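As structure tokens, the structure follows; a few thoughts come after it.
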Amino acid sequence: NAGVTQTPKFQVLKTGQSMTLQCAQDMNHNSMYWYRQDPGMGLRLIYYSASEGTTDKGEVPNGYNVSRLNKREFSLRLESAAPSQTSVYFCASRDPRARRSHEQYFGPGTRLTVT
Amino acid sequence: GQSLEQPSEVTAVEGAIVQINCTYQTSGFYGLSWYQQHDGGAPTFLSYNGLDGLEETGRFSSFLSRSDSYGYLLLQELQMKDSASYFCAFETGANNLFFGTGTRLTVIP
Numbered sequence: 005n006a007g008v009t010q011t012p013k014f015q016v017l018k019t020g021q022s023m024t025l026q027c028a029q030d031m032n033h034n035s036m037y038w039y040r041q042d043p044g045m046g047l048r049l050i051y052y053s054a055s056e057g058t059t060d061k062g063e064v065p066n067g068y069n070v071s072r073l074n075k076r077e078f079s080l081r082l083e084s085a086a087p088s089q090t091s092v093y094f095c096a097s098r099d100p101r102a103r104r105s106h107e108q109y110f111g112p113g114t115r116l117t118v119t
Numbered sequence: 017g018q019s020l021e022q023p024s025e026v027t028a029v030e031g032a033i034v035q036i037n038c039t040y041q042t043s044g045f046y047g048l049s050w051y052q053q054h055d056g057g058a059p060t061f062l063s064y065n066g067l068d069g070l071e072e073t074g075r076f077s078s079f080l081s082r083s084d085s086y087g088y089l090l091l092q093e094l095q096m097k098d099s100a101s102y103f104c105a106f107e108t109g110a111n112n113l114f115f116g117t118g119t120r121l122t123v124i125p
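Taken in order, these protein sequences are the chains called E and A.
Following this note's numbering, the numbering of the first sequence begins with 5 at its first residue and continues without gaps.
Following this note's numbering, the numbering of the second sequence begins with 17 at its first residue and continues without gaps.
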């Protein structure tokens, strides 16, 4: 089991460029999440997907879009990157029906810099 | 609104016990989780309290008092590898997590 994987690990963008962050999990989890973490801060929820085919806004959705491509994959897209989106992005998943249903499993993160 | 408060930094001696407090404010509360994050790493789950009381997992314990909107994480027999950031997070009605800003624990010899 690879758990939660994210690509790329690092990315530098110029203001106005677009890109998609990829996330995949092999644990057959229904729920998936995208967070951002700014220096010295906690994680803030951008978007989440409770199950395949559904997505909902989190705390800080502006400037982002998501796609739940299938049960395994949940991508995050920045249509026109801004310096304020410089952050570390984490994808996570969980299985609400499991014995440890409250545990979220995190990927290694994508470190994004927008210049 | 929603908020979480926890100390920004804590320092403790190797082998000692340390308690990290967390107070929260929210209209919908379903439980309190704790996550550990080493520098440059991903958060990893430590514990969850859905009901009042103490949950113990090895050297780590977590406590919740719903009436006081308060919880804490207790780390015993501290080791150098416990130096990390610790986040409390409450679970909302949508089964999502709202994270605090974290407590940086430094364990000194």
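All C-beta atoms, glycine included, are put in the ideal place defined by N, C-alpha and C.
All values derive from a computational prediction rather than experimental measurement.
- The DSSP-derived three-state label of S71 (chain E) is strand.
- Against chain A, the CB of P65 (chain E) has no partner CB under 8 Å away; the residue lies outside that interface.
- Under the DSSP definition of a beta bridge, M23 (chain E) partners with E:L82.
- Residue contact check for E83 (chain E) against chain A: no CB pair falls below 8 Å.
- Secondary structure remark: continuous beta strand (DSSP E) runs of at least 3 residues inside the segment 53–119 of chain A, in chain order: 60–65, 69–73, 76–81, 86–91, 100–107 and 113–115.
- The Cβ of E72 (chain A) sits no closer than 8 Å to any Cβ of chain E.
- If you compare the alpha carbons of A:F79, A:L80, A:F106 and A:A32 with that of D98 (chain A), the shortest gap goes to A:A32.
- Taking the Cβ atoms as the reference, T122 (chain A) lies roughly 5 Å from T27 (chain A), within the contact range of under 8 Å.
- Nearest to A28 (chain E) by alpha-carbon distance, out of E:R115, E:L80 and E:E63, is E:L80.
- In the DSSP assignment, Y46 (chain A) forms no beta bridge with any residue.
- Against chain E, the CB of T119 (chain A) has no partner CB under 8 Å away; the residue lies outside that interface.
- Look at the segment 76–106 of chain E: the residues with a C-beta under 7 Å from a C-beta of chain A are F94, P100 and H106.
- Residues of the segment 26–59 of chain E with a C-beta less than 9 Å from any C-beta of chain A: S35, Y37, Y39, Q41, G44, M45, G46, L47, R48, L49, Y52 and A54, listed in chain order.
- Per the DSSP secondary-structure output, Q108 (chain E) pairs with nothing in a beta bridge.
- Taking C-alpha positions only, E77 (chain E) is separated from A100 (chain A) by approximately 30 Å.
- For E107 (chain A), the nearest beta carbon of chain E is closer than 8 Å to its own beta carbon.
- Interface flag for F14 (chain E) against chain A is unset, since no Cβ pair is found closer than 8 Å.
- Nearest to V64 (chain E) by alpha-carbon distance, out of E:Q41, E:T58, E:E56 and E:S55, is E:Q41.
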